[in-house]
Amino acid sequence: MVQTISLGLLAFCALSQIASAAPAPVPNYTTVITKTVTFLGTHHQKPHTKTETVNSVVKTTSKTSPTESAKTKSTKTKTSSTTTASPSPTTGTCASIGSGSYTDSDGVSYTVACGTDFYGGDLTHVEGASFESCFAACDNTSGCVAFSWVGQNGTHVGPGDCYLKSTLEQGDSNSAVDGAYKNQ
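With mature numbering (1 follows the signal peptide of the UniProt record, and there is no 0) applied, the sequence shown covers -21 to -1, 1 to 163.
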C-alpha cells in the first residue's frame, strides 16, 4: 500500500509540473495555392502565346498560452503577367489559305498551289503586301489568268512581288514561290 501512495504522489507531482510549465506552441503552417494556365498557338502562328496567373495564400497560426485564443494572420497575394504574341505573320500567306480551291473576296475562283512557280507568260509584276493581295491584282488586270508570288527576301511573307501571267504554263516546284491560277 505504501508503494501505491508513492506512485500516486509521484503522478500528482508530475501532473502539477506539466500544468505549471509553459504550453507547447501550436506549430505554424503555410498553405500555398498555385494555378498556371498556358496557351500555345498552332504551327501557323508564333508558338509562345502565353498567359500565366499565380495566386498564393499564406496562413500562420500560433497559440502562446492556455487561456489565449489562437491568432490567425492571413495574407493574400495575386500576381498576374501576360505575354501576347503579335499578329501572326502567316496571315495572307499561301500556307494560311492552303493549296486547293479558293474563292477570293471578289468571288473569283482560283486553284492555289503553294510552293509552285508558274514560269513564262509574264504579263506584268506588281508589289503586293502579301500572297493574298495578288488575287485582287490579278482580278483587276485585264488578261491575267494566273500569278506567282515571291515574298520578301524569298520568304512566304510580304511585302513582295506578284508576277501576273497572261498564259498558264506548267508549274514547277519552288519552295520560295507560291502560285495560283483562275478556274475557267
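By construction, the Cβ of each residue, glycine as well, lies at the ideal position given by its N, Cα and C atoms.
Note that the structure is predicted; figures quoted are calculated from it, not measured.
Examine the ligand MN and report whether any of its heavy atoms sits within less than 7 Å of the Cβ of G79. Judged by which ligands are present, the structure shown has none, so any question about the ligand MN falls away.
Suppose the cutoff is 7 Å on Cβ atoms and the five residues either side in sequence are ignored; what does the same chain contact list for P138 look like? E106, G107, A108, Q131
In this structure, does DSSP put F114 in helix, strand or coil? helix
Per-residue burial, G150 [other beta carbons within 10 Å of its own, 16 or more giving buried]: buried
Cα-Cα separation between K25 and G77, rounded to whole angstroms: Here K25 scores only 34 on pLDDT, less than 50, and its place in the model is too uncertain to base an answer on.
Where G137 sits in the DSSP three-state scheme: Judged by DSSP in its simplified three-state form, G137 adopts coil rather than helix or strand.
In angstroms with no decimal places, state the Cα-to-Cα distance between T70 and V156. 16 Å
Can you tell me whether S75 is helix, strand or coil according to DSSP? Correct three-state label for S75: helix.
Host beta strand (DSSP E) of S127 (start-end): 125 to 130
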